[in-house]
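Chains as they are written, first to last, in my numbering: chain A, 7 to 118; chain B, 7 to 118.
Protein chains: 2
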Amino acid sequence: MPKSITRTYSRYNRDAVALLGLLIREARNERKLTAQELADRAGISRGLLQRIEKGNLKCEIGAVFEVATIVGVKLFDVNESAMTKYLHQTKEKLTLLPKYVRKKTKTVRDDF
Amino acid sequence: MPKSITRTYSRYNRDAVALLGLLIREARNERKLTAQELADRAGISRGLLQRIEKGNLKCEIGAVFEVATIVGVKLFDVNESAMTKYLHQTKEKLTLLPKYVRKKTKTVRDDF
DNA sequence: ATTGAATGATCCATATATAGTCCATATGGT
DNA sequence: ACCATATGGACTATATATGGATCATTCAAT
Numbered sequence: 007m008p009k010s011i012t013r014t015y016s017r018y019n020r021d022a023v024a025l026l027g028l029l030i031r032e033a034r035n036e037r038k039l040t041a042q043e044l045a046d047r048a049g050i051s052r053g054l055l056q057r058i059e060k061g062n063l064k065c066e067i068g069a070v071f072e073v074a075t076i077v078g079v080k081l082f083d084v085n086e087s088a089m090t091k092y093l094h095q096t097k098e099k100l101t102l103l104p105k106y107v108r109k110k111t112k113t114v115r116d117d118f
Numbered sequence: 007m008p009k010s011i012t013r014t015y016s017r018y019n020r021d022a023v024a025l026l027g028l029l030i031r032e033a034r035n036e037r038k039l040t041a042q043e044l045a046d047r048a049g050i051s052r053g054l055l056q057r058i059e060k061g062n063l064k065c066e067i068g069a070v071f072e073v074a075t076i077v078g079v080k081l082f083d084v085n086e087s088a089m090t091k092y093l094h095q096t097k098e099k100l101t102l103l104p105k106y107v108r109k110k111t112k113t114v115r116d117d118f
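Below, the structure written as structure tokens:
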């Protein structure tokens, strides 16, 4: 990040991540886990868990997903095997499609 | 991150993020956007978009969600207003619940 | 009411994610 | 086949997210 960047996020995504954080918080309480306990299980610090539960948009997606999974918050509504299967399907599908996006609007031949 | 950390991620989450990346890639191709164009629209670098499309788990969640939204990949199956509404509902619900998780198993009185 | 634990908030040091650049390769259109 | 360009990987510098510690506050159980 050479040049100091201030990102803008859409309201939808701010809400989405905030909601995800709240759902995690709710699920953690339901399961009677302290912040420290959940953080330990997820292999992250309590501070990071705090930021996740607050809906901080700059947390790494892997950490957020791990925490969510541990407390049972479903991200996509698919189980593990279905997820893997869907992943492979999508991967295969992509190999069949064009790999590059071509923008060069074909040069109009007006050289006559 | 003082102490060098090597995180472990569940297979489910690795697959989930990988899938998300592929879906983004697919949607980008469908919309005939080059990586640079999409990166510009999302306010991120092309390199970061590459990592996102590859399913890198250490990308910030805000950037991933922004890109997904731009190309039309739905994270949750709710529209904007429903999302905001749901967010508020969950927020309210949380205020009614206990705020701390108590672990101290009540000390058994055996002092007789 | 008391009290101990859980949480919120701040600060610092450092590991690292990111932006930006360059170059090599692959690819689709001609 | 040719060619213009999109993509994939490096690499570097720097902004910053994170871990860890500390302190204040708030709550729940007694």
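Even for Gly, the Cβ is constructed at its ideal location relative to N, Cα and C. Keep in mind it's a predicted model, so treat the numbers as computed, not measured.
- Contacts with chain B at 8 Å (Cβ-Cβ) include A/ASP21.
- In this structure, the alpha-carbon of A/THR96 lies about 16 Å from that of B/ILE58.
- DSSP links A/GLU59 through a beta bridge to no other residue.
- Closest option to A/LEU28, judged by alpha-carbon separation, among A/ASN62, A/SER16, A/THR90, A/LEU103: A/ASN62.
- In this structure, the straight-line span from the alpha carbon of A/LEU26 to that of A/LEU54 is close to 14 Å.
- Close partners of A/LEU55 in chain B (Cβ separation under 7 Å) are lacking, with about 13 Å as the shortest Cβ gap.
- Cβ-Cβ separation between B/ALA69 and B/ALA48: approximately 7 Å, consistent with a contact (criterion under 8 Å).
- Residues of chain A whose Cβ lies closer than 9 Å to the Cβ of B/VAL107 are, in chain order, ARG34, ASN35, ARG37, LYS38, LEU39, THR40, ALA41, GLU43.
- Of all residues in the segment 84-101 of chain B, the ones placed with a Cβ closer than 8 Å to any Cβ belonging to chain A are GLU86, MET89, THR90, TYR92, LEU93, THR96, LYS97, LYS99, LEU100, in chain order.
- Under the Cβ distance rule, B/SER16 counts among the residues neighbouring chain A, one pair being separated by less than 8 Å.
- Residue nearest to B/VAL107 within the set A/ASN85, A/LYS80, A/ASP21, A/LEU39 is A/LEU39 (criterion: CA-CA distance).
- Under the criterion of beta carbons closer than 8 Å, B/ARG31 and B/GLN42 do not qualify as touching, at roughly 14 Å.
- DSSP links A/GLU66 through a beta bridge to B/GLU66.
- Within chain B, the C-beta atoms nearer than 8 Å to that of A/GLU66 come from LEU63, LYS64, CYS65, GLU66, ILE67, in chain order.
- In this structure B/CYS65 is not in contact with A/GLU72, their Cβ atoms being roughly 14 Å apart against a cut-off of 8 Å.
- For B/SER16, the closest alpha carbon among the candidates A/TYR18, A/SER87, A/ARG20, A/THR12 is that of A/SER87.
- At a beta-carbon threshold of 7 Å, the residues of chain A lying near B/VAL70 are ILE67, ordered along the chain.
- At least one CB atom of chain A sits nearer than 8 Å to the CB of B/ARG31.
- A/MET89 sits away from B/ALA45, with the two beta carbons spaced by 8 Å or more.
- Short of 6 Å from the beta carbon of A/GLU36, and not among the five residues preceding or following it, lies no beta carbon of its own chain.
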